[in-house]
Every structure is written in C-alpha cells, then in structure tokens.
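S.K.:
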Amino acid sequence: MLGSVIPAYIPGESAYSWVSQYFVQSAYSDRNRVCDRLFHHPAIRLHPSLPGHIEATAQAAGVDPQYLLHHGTGFPLYALTLRDKLQVDTLASAMLGEGQGLMALSGQAASKLAFGGVCLKWCPACLREDEQDVGCGYWHTAHQLYGVTACTKHALRLQTLAASAGGIDRQLLLPDPEIPCEPSRPYEQEINLSTYITALHRYLCVQSPTESLAELYQRWLGQQGYLTARGHLRSQPLLQAMTEFWQGLFADITPIVPPGLANYRYVSGLVHGDRSHHYLKHVMLMAFVSRSPAEFFSIEVQQVLPVPPARDAQAVERAVLRWLAEPLSMRQVARQTGYSVGYIKQLALRHNHPVEHRAQRITAAVARGIWRQAFMGVSRQQIAHYHGVSVGAVEAIIQSHQGLSDWRRHLGSVRKLREHRDTLTTYLAQHVDASRGGIEQACRTAFSWLYRHDRSWLYQQLPAPKQSVYHPSVDWAQRDRALVAQLEQLDGEARSLSALERALGRPDWLRKYKARLPLSYALAVRLVAAYAAQHPKP
Ligand SMILES: [Zn+2]
83 MLGSVIPAYI PGESAYSWVS QYFVQSAYSD RNRVCDRLFH HPAIRLHPSL
133 PGHIEATAQA AGVDPQYLLH HGTGFPLYAL TLRDKLQVDT LASAMLGEGQ
183 GLMALSGQAA SKLAFGGVCL KWCPACLRED EQDVGCGYWH TAHQLYGVTA
233 CTKHALRLQT LAASAGGIDR QLLLPDPEIP CEPSRPYEQE INLSTYITAL
283 HRYLCVQSPT ESLAELYQRW LGQQGYLTAR GHLRSQPLLQ AMTEFWQGLF
333 ADITPIVPPG LANYRYVSGL VHGDRSHHYL KHVMLMAFVS RSPAEFFSIE
383 VQQVLPVPPA RDAQAVERAV LRWLAEPLSM RQVARQTGYS VGYIKQLALR
433 HNHPVEHRAQ RITAAVARGI WRQAFMGVSR QQIAHYHGVS VGAVEAIIQS
483 HQGLSDWRRH LGSVRKLREH RDTLTTYLAQ HVDASRGGIE QACRTAFSWL
533 YRHDRSWLYQ QLPAPKQSVY HPSVDWAQRD RALVAQLEQL DGEARSLSAL
583 ERALGRPDWL RKYKARLPLS YALAVRLVAA YAAQHPKP
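Residue numbers (our numbering): 83 to 620.
(1) On the DSSP bridge assignment, give the partners of His222 in chain order.
(2) Measuring CB atoms only, is the stretch 301-319 touching the stretch 179-190, in the sense that at least three cross pairs come out at less than 8 Å?
(3) Could you tell me which of Tyr110, Gly134 and Leu609 sits nearest to Phe121, measuring between CA atoms?
(4) Might you give, ordered along the chain, the residues of its own chain that have their beta carbon closer than 7 Å to the beta carbon of Met348, omitting 5 neighbours on each side?
(5) How about Val353 and Leu303: are their beta carbons less than 8 Å apart?
(6) Residue ranges of each alpha helix (DSSP H) run of no fewer than 4 residues wholly in the stretch 254-297, ordered along the chain?
(7) Expressed to the nearest angstrom, what Euclidean distance is found between the alpha-carbon atoms of Asp356 and Tyr346?
(8) Return the residue from the list Ile279, Leu429 and Tyr613 that minimises the CA-CA distance to Asp573.
(9) Using the C-alpha atoms, what's the distance from Arg115 back to Ser131?
(10) On the DSSP bridge list, what partners appear for Cys233?
(11) Give the residues whose C-beta lies closer than 5 Å to at least one heavy atom of ligand 1, in chain order.
(12) Would Thr139 and Ala97 be called neighbours here (beta carbons separated by less than 8 Å)?
(13) Look up Leu243 in the DSSP assignment and say whether it is helix, strand or coil.
(14) Can you name, in chain order, every residue of its own chain whose Cβ lies under 6 Å from the Cβ of Ala447, other than the five neighbours on each side?
(15) Under 8 Å, with one C-beta from each stretch per pair, do the stretch 456-467 and the stretch 488-499 reach the 3-pair mark?
(16) Which two residues bound the contiguous beta strand (DSSP E) that contains Lys167?
(17) Give me, in chain order, the residues of the same chain whose beta-carbon lies closer than 7 Å to that of Ser276; leave out the 5 immediate sequence neighbours on both sides.
(18) Give me the Cβ distance between Leu240 and Lys203, rounded to the nearest whole Å; I'm assuming they're in contact under 8 Å.
(19) By the DSSP assignment, the beta strand (DSSP E) with Trp204 in it spans what residues?
(20) Compare the Cα-Cα distances from Gln616 to each of Leu599, Arg577, Pro600 and Tyr603 and report the closest residue.
(21) In this structure, what does DSSP give as the bridge partners for Leu315?
(22) Using three-state DSSP, classify Cys525 as helix, strand or coil.
(23) My understanding is that Arg113 touches Gln253, with C-beta atoms under 8 Å, so please give their C-beta distance in whole angstroms.
(24) Measure the C-alpha to C-alpha separation of Glu326 and Leu320 and round it to an integer number of angstroms.
(25) Arg450: which of Val476, Phe379 and His152 sits nearest, CA to CA?
(26) Nearest to Ser530 by CA position, among Cys208, Thr505 and Val471, is which residue?
(27) Among Ser350, Gln396, Leu243 and Ser374, which has the Cα closest to the Cα of Arg284?
(28) Expressed to the nearest angstrom, what Euclidean distance is found between the alpha-carbon atoms of Ile273 and Cys263?
(29) Output the boundary residues of the alpha helix (DSSP H) element that contains Gln481.
(30) Whole angstroms are fine: how far does the CA of Ser472 sit from the CA of Ser294?
(31) What's the call for Gly144, buried or exposed, on a 16-neighbour Cβ count within 10 Å?
(32) If you run the structure through DSSP and keep just helix, strand and coil, what is Lys596?
(33) With distances taken Cα to Cα, identify the nearest neighbour of Leu286 among Tyr149, Ile338, Met177 and Ala207.
(34) My output table needs one value for His122: the three-state DSSP class, helix, strand or coil.
(35) Could you check the C-alpha separation between Leu298 and Gln322 for me, to the nearest Å?
Right, dumping it as structure tokens:
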C-alpha cells in the first residue's frame with residue numbers, strides 16, 4: 083500500500099533509524115513525502131531517543147507498537163523516574179501518537195540537564211560489523227540513550243552528529259562510513275556509566291520493578307553505611323565517595339556528561355523520593371551502590387539491628403566495645419552495628435579505647451600544598467580530597483590569603499572564555515554556512531556567555547547578519563482570486579490540504595494565511611471534502 087520496499091526492523095534498532103531506512107530504500111527523493119505517507123504530515127522531526135509517531139512507525143514496520151516503544155526508544159528509562167502510572171501512560175500515549183510535549187511529559191524539560199544539544203550517535207566499529215551482518219548501518223537504540231557516550235562492546239567513544247536545527251535537522255540519515263570520525267578511547271568510568279544505562283534499558287524492556295526507587299536506595303545506602311541509625315543520610319562521606327567513584331567523567335575540560343551531575347546534592351532528593359529526577363541522576367547513584375540493574379532491584383529488606391531501648395544502653399555499649407576490640411575501623415563498626423560514627427567515637431573515648439584521628443591539624447607543608455593547588459584553580463572539593471581535609475578547611479586557607487579568591491574567580495572566567503570560544507570556533511569550522519540564528523541555537527550556552535562577556539570577539543566571528551528584504555505590500559484580494567483560479571484545476575490533487583498546498587507550490591500557505599485568503603481556503607476545504615467522498619478509504 084505504501085508503494086515502497088518495507089525494510090525489516092532490525093532488533094536493537096531505534097525507531098528513528100527504521101524511518102530513515104524506509105526513506106533510503108523508498109522510491110522517494112523527498113523526505114517530506116515519506117513523512118506524509120507514514121505520518122500524514124510532511125514536516126515531522128523525529129527525536130533520536132524520544133520520538134513520537136511510534137504507532138504509525140510500528141504499523142508500517144510490521145512490529146508491535148509496545149515493542150517498538152520499549153526497544154526502539156528511551157521510553158523505559160524515562161518511565162522509570164515518573165511518579166505515577168498516569169504520568170507513564172500519558173508519556174506512552176504521546177509517544178505512540180503525535181509526540182506533542184514530550185520534553186515536558188518525560189520530565190526532561192524540568193531536569194535542567196540539557197547538554198550539548200540532541201545528537202545521533204554511532205560506533206564506527208559497530209557500523210563496520212552491521213554492514214557485514216545486515217548489509218547497512220543503522221542507529222542502535224542503546225547508543226542513542228541520553229548519557230551513553232561509549233560503545234560498551236568495542237570500548238570506543240561514540241561519534242556524534244548534531245540532530246537539531248543547525249545540525250541535520252529534519253533529514254533522515256543512516257550512519258555512513260563516509261562521515262569523517264575520530265575514534266577515541268573512553269574513560270573507564272564513561273564505559274561503566276554507558277554499560278549501566280544500556281543494561282538498565284534492557285532490564286526495563288522486560289521487567290517492571292514495583293518497589294519505589296527511594297526505598298531501594300535506602301536499603302543499599304544503609305547496607306553500605308551511608309545512613310545513620312535514624313535513617314539520615316551521611317552526606318559528607320557519600321559525596322566524597324561518589325566524587326572519587328565518578329572522577330573520570332569530569333576529568334576533561336570538555337565535559338562528557340552534564341557538569342551538573344558532579345554536584346551530588348541531588349542524591350538526597352533521590353533518596354527521599356521528593357520529586358522526579360532525570361534518569362541519569364538515578365543511574366549515577368544506582369551504579370555507585372550496585373554492579374548491575376538486576377542486582378540493584380533484587381536487594382532484600384535489610385535485617386535492621388533492633389535499636390535497644392534506653393535502659394539497655396549498657397548492653398549496647400558492651401556490644402559496640404566488643405566490635406571495637408576487633409581490628410575494624412570505626413566506620414566499619416558503624417556499618418556493622420547501625421550506629422553513627424559519632425556515637426561510636428564518643429563511646430570509644432569514654433572507655434579509653436584508641437581512636438584513629440583524621441588529620442585534624444593542618445601542617446605548614448599541607449597548608450602550602452593547599453595554597454598551591456588553590457592558586458592553580460583546582461576545585462575546593464578536589465583539594466580537600468587530595469589532602470584529606472574538609473572543604474571548610476580549604477575555604478579557610480583560601481580566605482586567609484588576600485586576593486586568592488579573586489584570582490581563582492579570574493582563572494575560572496579565563497577557563498570559561500577559552501572553552502566557549504573553542505565551542506564556537508569548532509562549530510563555525512564545521513558549519514561554514516550557518517546563520518547567526520542557527521549558531522545561537524546550536525551553541526546556546528557558549529553564545530550567551532560570550533554575548534555577555536566577550537561581545538566584540540563574538541561579533542568578529544559571526545557571519546554578517548542577513549539583510550532584511552524589502553517586500554512591497556501585497557494585494558491579498560488579488561492573490562486570493564488568482565489562487566482560486568489555480569485551485570479549480572487541482573481537484574484531482576485534493577487528497578488533503580497539505581497535498582493541495584504542495585501542488586500549488588506553497589507549502590503551509592492555505593492554513594497559515596486562511597484569514598487573508600478566505601475564498602481559496604473555503605474552496606480548498608470543499609475540494610478535499612469532495613475528494614474524500616469520491617475516494618472512500620477501504
Ligand atoms: Zn561498537
């Protein structure tokens with residue numbers, strides 16, 4: 083019925099990819115006609131991992147819509163973090179249907195994690211294999227997932243192609259070995275993160291966990307000693323451990339993931355389940371506490387040591403002291419007994435038990451080291467971690483040196499200046515014909531920063547603004563009459579308003595200017611109705 087070869091859906095292929103395959107293999111040279119055939123609208127833009135029109139795509143591809151929704155898009159990951167079934171159903175029906183408001187429904191818009199623009203991603207090694215195995219390259223769903231930056235099979239960093247306006251925009255492309263790429267090796271943490279996201283997506287395609295994530299986090303963190311006996315989060319040690327765990331993700335000047343993820347304050351929100359957060363934040367915590375999604379979701383309710391009533395305080399003390407006699411650190415004892423480190427320390431001191439001290443006093447050598455790193459612009463957290471002191475202590479040393487704080491601010495802005503200038507020049511080198519508006523949209527952060535802080539340089543780089551064109555005033559009534567005359571010849575083309583508009587060579591016109599072209603619009607509507615009456619759908 084579609085008058086083209088129907089490509090087979092390849093398992094693991096994204097929905098966008100199948101539509102591109104369909105277009106490439108079809109008899110059409112115009113992607114708008116393909117979209118009109120498939121979706122009854124010419125100007126569809128399909129998101130690489132959060133597309134709409136899944137039902138129509140699935141029907142054309144001959145697969146189950148729910149299957150395509152799960153295996154061909156990032157839906158399962160977004161659904162996991164939504165608060166209730168109603169929100170999940172709303173997102174599902176928007177994706178199955180026209181795809182209206184997906185950014186808001188998926189919770190993406192509110193997450194403030196947007197970063198680097200929407201991209202199509204591929205692995206050059208997978209592409210070579212795919213060409214051998216199935217005869218062509220295709221976009222893997224797993225590679226398109228937000229936060230996945232490495233191919234976990236080949237341990238290669240994924241190549242990217244900007245997909246929004248200013249990038250490939252509405253085109254339908256398949257990965258192509260002709261596209262120049264620079265293979266690079268990802269960091270170990272990057273592979274870990276990509277592996278976990280991919281595994282989570284796969285897991286959620288076949289499982290629907292019912293327990294709340296907050297509950298699961300509390301079990302995991304409790305087991306690993308990051309909760310006090312009263313269930314409060316031990317934020318400081320947790321933050322330090324997570325910073326260390328994910329270090330490689332934030333080691334480069336060009337960030338691999340949104341830099342906001344390195345500020346682990348969102349963890350407390352995840353643990354208390356106060357509102358929905360982006361799945362990437364969840365994965366940062368999940369992959370920190372567990373080795374795989376299957377392990378994460380299978381944690382049993384922990385046997386919590388009963389908190390002894392006050393009159394049993396002596397029994398508690400005896401139990402803790404027994405533990406302290408073992409060659410264990412206070413932290414380990416805290417983990418075993420479920421009491422806070424502070425409580426155990428007090429007890430140990432009261433009973434003259436040796437207590438290991440953290441470096442409380444900062445020697446002159448350490449202070450010099452801290453000053454040196456601060457002078458180089460290293461972050462407070464990293465300095466604190468490096469010297470084993472608190473962030474507060476580092477702050478105190480920075481403040482005690484006059485001018486150091488200003489100097490660090492200056493370094494920060496020089497670094498930003500360089501980053502943003504690099505972003506812009508790289509983009510300009512790759513997009514020679516880009517307009518000012520296109521550049522602004524594609525490099526939004528860099529553009530607005532440079533506009534505020536480095537405007538003259540920015541203007542030197544930008545192409546000249548397009549001259550506004552003088553339009554003589556239009557005689558709409560005359561134009562309306564002329565169009566009516568044209569339309570009268572086109573009753574055979576009246577499959578839809580858009581078909582008529584295309585036949586007139588004026589896409590979107592009739593609908594856009596229907597107030598100014600009342601006669602043409604009314605006639606067009608009549609023609610479409612008459613055409614429909616003569617060509618009843620089977
Ligand atoms: Zn690969």
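Each residue gets a CB set at the ideal place from its N, CA and C atoms; glycine is no exception.
These numbers were taken from a predicted model, which means no experiment stands behind them.
M.R.: Quick look at the numbers:
(1) Its beta-bridge partners are Glu95.
(2) No, the stretch 301-319 is not in contact with the stretch 179-190.
(3) Put simply, of Tyr110, Gly134 and Leu609 the residue whose alpha carbon is nearest the alpha carbon of Phe121 is Gly134.
(4) Just to set this straight, residue 348 is Tyr in the shown sequence, not Met. Within the same chain, Tyr348 has close Cβ partners His359 and Lys363.
(5) Pairing Val353 with Leu303 gives a Cβ-Cβ distance under 8 Å.
(6) Within the stretch 254-297, complete alpha helix (DSSP H) segments of at least 4 residues are found at 270-288, given in chain order.
(7) Those two C-alpha atoms are separated by around 15 Å.
(8) The shortest Cα separation from Asp573 among Ile279, Leu429 and Tyr613 belongs to Tyr613.
(9) Rounded to the nearest whole angstrom, the CA to CA distance from Ser131 to Arg115 is 23 Å.
(10) Residue pairing by DSSP puts Cys233 in a beta bridge opposite Leu238.
(11) After applying the 5 Å Cβ criterion, the set is Cys205, Ala207, Cys208, Cys233, Lys235 and His236.
(12) Yes; because the gap between Cβ atoms is below 8 Å, this pair is in contact.
(13) Assignment of Leu243 by DSSP, reduced to helix, strand and coil, places it in the strand class.
(14) Excluding residues within five positions, none has a Cβ falling inside 6 Å.
(15) Output reads yes: the stretch 488-499 touches the stretch 456-467.
(16) Where Lys167 is concerned, there is no enclosing beta strand (DSSP E), although the alpha helix (DSSP H) it sits in stretches over Lys167 to Leu178.
(17) Residues of the same chain with a CB within less than 7 Å of the CB of Ser276, apart from the 5 flanking positions on each side, are Val230, Thr231, Ala232 and Thr234 in chain order.
(18) Contact holds; Cβ gap of about 4 Å.
(19) Trp204 -> beta strand (DSSP E) spans Cys201 to Trp204.
(20) Ranked by Cα distance from Gln616, the options Leu599, Arg577, Pro600 and Tyr603 are led by Arg577.
(21) Answer by DSSP bridge pairing, in chain order: Leu309.
(22) Look at Cys525 here: in three-state DSSP terms it is coil, with no helix or strand label.
(23) Confirmed, about 7 Å.
(24) In a straight line, the C-alpha of Glu326 is about 10 Å away from that of Leu320.
(25) Among Val476, Phe379 and His152, the Cα nearest to that of Arg450 belongs to Val476.
(26) Cα-wise, what sits closest to Ser530 is Thr505.
(27) Distance from the Cα of Arg284 is smallest, within the candidate group Ser350, Gln396, Leu243 and Ser374, for Ser374.
(28) Computed Cα separation, rounded: 19 Å.
(29) Element bounds for Gln481: Val473 to Ser482.
(30) Per the coordinates, the alpha-carbon of Ser294 lies some 34 Å from the alpha-carbon of Ser472.
(31) Exposed, since its Cβ has fewer than 16 Cβ neighbours within 10 Å.
(32) In the structure shown, Lys596 adopts coil according to DSSP, grouped into three states.
(33) Cα-wise, what sits closest to Leu286 is Tyr149.
(34) Here His122 sits in coil by DSSP.
(35) Rounded to the nearest angstrom, the two C-alpha atoms are 21 Å apart.
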